[in-house]
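Notes follow once the structure below has been shown.
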Amino acid sequence: MIPYPSWLNAGDNTWQLVAATLVGLMSIPGIAVLYAGLVQRKWAVNTMLMAFSAFSIVLVAWVLYEFKMSFGSPLHLGPGILNSAVGKPGTITSAGSEIGKAGIPLVSGTGAMPDFRFPQSTLAYFQFAFAAITPLLFLGSVIGRMNFKAWLLFVPLWSGIVYSVNAFLLWGGGWWAQAGALDYSGGYVIHLAAGTSGFVAAAVIGPRLARDRAKAVPNNLPMVAIGAGILWLGWNGFNGGDMYFGGQNAAAAVLNTNLATAVALLTWLLLDMFAGPQRKPTFLGAINGMIVGLVAITPAAGFVTGVGAILVGLIASVIVWLSWNKLGKLRFMQKVDDALGVVHTHGVAGLVGGLLVGLFADPAMAVYYNKDGSVFSVAGLFHGHAKQLLLQLGAAGTIIVWDALMTFVILRAIGLFVKLRAPDEVLEIGDLAVHDEEAYPSEEGLAVVGASEAKAAVVAEPTTRPVAEPAAEP
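Residues in the sequence shown are numbered consecutively from 3, following my numbering.
What follows is the structure, given as structure tokens:
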């Protein structure tokens, strides 16, 4: 008797499950408490519930049909990119699917990856954690006004129609993967997608109440710090797990991730101190820099050296700081109420990081070793491969166009049946109106909840009361 088949490596399997859990923690509680602390007090419960519900919805959809769409056999919808844009839907609930050996998607146009040494259930859960965090990220664009029912409809539709196509194109052996475009861990598939879809969704749904938008002050900065810290360290699973083996490339990706993040945070902090509107260091500015560093290094983590990671953090932080403080102040940008600036910290940062792969990818960074002793690695423009930058541009353009178009279509379709934006009277009250709950219950809030419960009890009472029975005769 042996505890597991000969093809399974306990170390690789354990690392992938740990990495998947770290990525999952980035969503719940990471994003949930980060965003709940950033929003107004009256929207904290709504924000947390939207995060937890989306996480649950994506898991069910992922197991039933999305995993196969993202990492299965091509659907062959037509010529060109349509021939290899998305996989055939299918479930992975059978015994064979869960305990059988994971399949092998293409990593790039150079060939297939080494054999996986863990079951498909490990691969499916790891990739689910990536699929789940993406709608949670662009939740930050529509916080404080999106109808909760519309959110419950939007998440599975977007995840299946948009995310699965992104994942297949770049990770699952799709058209851009075969062409040689690179996205180490989701700079395009996740972050560029979140920024693009979030901005479009914010435009379609409409803005928050004017006074809420004018007084968008975080309600709990210590909660923001907890969420941000979970996000930062959880990213070790994000980038450290995305080459699927507990080897030297995973270690390099983890170090590069933290290095780029630290540089980006410090860069944003210094820019705020010496060029910002208030000329003061701010905690929220530091958090923005942190997120930019994490996002920008994501497509590059295992392809660049430590010097490349420093440059990615520095360049991305400067560009996104300018995007946030200059581009974001322009009139056409102000018309769209992207509540937490997701288009900047995820969209622009993901785009910049992906393009920097085309510049800084270093062939000395061995990703995989072949049986003949050779290695699989990639090179960018500064290492003699100018074509890589063009491939990165093409893949980014595809993600932007597809995600923007499909997000618009999905929301317009949902809007035919459900209002996308909650009524103004609901937006005035917030959590109590939507959920009958408050993150920090007040006496007024408890009175409102008590009144609604009393009203419900009265409505539930019978309209005619039974006549009391006469007393028994002695």
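Heads up, the beta-carbon is just placed ideally off N, CA and C, and yes, glycines get one too.
Kindly list the residues whose CB is nearer than 8 Å to the CB of residue i, restricted to its own chain and excluding five residues on each side of it in sequence; keep chain order.
i    : result
I163 : M408 and I412
T269 : G291, G315, L316, S319, V320 and W323
T263 : W234, W237, M292, G295, L296, I299 and G315
G396 : W178, A181 and A183
G343 : G142, N290, W326 and G330
For residue i and chain B, any beta-carbon pair shorter than 9 Å?
i    : result
W234 : No chain B appears in the structure shown, which is made up of a single protein chain.
For the candidate residues the options, whose alpha-carbon lies nearest to that of residue i?
i    : options                   : result
F384 : A126, A424, F305 and A87  : F305
A196 : L393, H346, T124 and A424 : H346
F120 : A134, F132, A133 and G105 : G105
A204 : L154, G32 and I145        : I145
G330 : I33, G26, A303 and F201   : F201
A22  : A133, V206 and M115       : A133
Y6   : V65, V62, G102 and G26    : G102
S123 : G82, I94, S143 and P137   : I94
A441 : A12, V20, A46 and F170    : A46
M71  : T263, S8, V20 and G176    : G176
S99  : R414, P116, Y127 and L358 : Y127
V359 : L332, D340 and H387       : H387
A56  : N241, G26 and L79         : G26
G92  : I83, A406, V62 and N260   : V62
N372 : D117, S96 and I402        : D117
With the cut-off set at 9 Å, would you say residue i and residue j are in Cβ contact?
i    : j    : result
Q129 : F69  : yes
R210 : R147 : yes
V322 : A351 : yes
G174 : T300 : no
I30  : L141 : no
A398 : L361 : no
I4   : L154 : no
G243 : L24  : yes
K44  : D433 : yes
M28  : F240 : yes
A363 : A381 : yes
In chain order, what residues of the same chain lie with their CB nearer than 6 Å to the CB of residue i, ignoring the 5 residues before and after it?
i    : result
I228 : V35
G111 : Residue confidence for G111 is low, a pLDDT of 42 falling below 50, so the modelled location carries little weight; the figure read from the coordinates is stated next. The residues are Q180, A181 and G182.
G74  : G89 and K90
M225 : V35 and G39
Should residue i be labelled buried (16 or more other beta-carbon atoms within 10 Å of its own) or exposed?
i    : result
G39  : buried
T49  : buried
S325 : buried
P158 : buried
V377 : exposed
F156 : buried
N258 : buried
F276 : exposed
L418 : exposed
P137 : buried
N85  : exposed
Q390 : buried
G355 : buried
S143 : buried
A302 : buried
I431 : exposed
S166 : buried
Residues in the same chain with beta-carbon distance under 7 Å from residue i, minus the five sequence neighbours each way, listed in chain order, please.
i    : result
G348 : Here the sequence assigns His to residue 348, which means Gly is not the residue at that position. Closer than 7 Å at Cβ, skipping near neighbours: L139, H193, A196, G197 and V297.
T284 : D274
L267 : A288, G291, M292 and G295
M367 : A254, G304, F305, V306, T307 and S379
Subject >> Length-filtered (3 minimum) beta strand (DSSP E) runs lying within the segment 260-325 >> reply: none
Subject >> Length at least 4, wholly inside the segment 18-72: the alpha helix (DSSP H) runs in chain order >> reply: 34-40 and 46-63
Original post:
Residue ranges of each alpha helix (DSSP H) run of no fewer than 4 residues wholly in the segment 154-211, ordered along the chain?
Top reply: 166-172, 177-181 and 195-207
Original post:
Of all the alpha helix (DSSP H) runs that stay within the bounds of the segment 113-158, which reach a length of 4 or more residues?
Top reply: 122-144
**OP:** Counting only runs of 4+ residues fully inside the segment 351-437, write out the alpha helix (DSSP H) ranges in chain order.
**Re:** Within the segment 351-437, the complete alpha helix (DSSP H) runs of at least 4 residues are 351-362, 389-417, 426-431 and 433-437.
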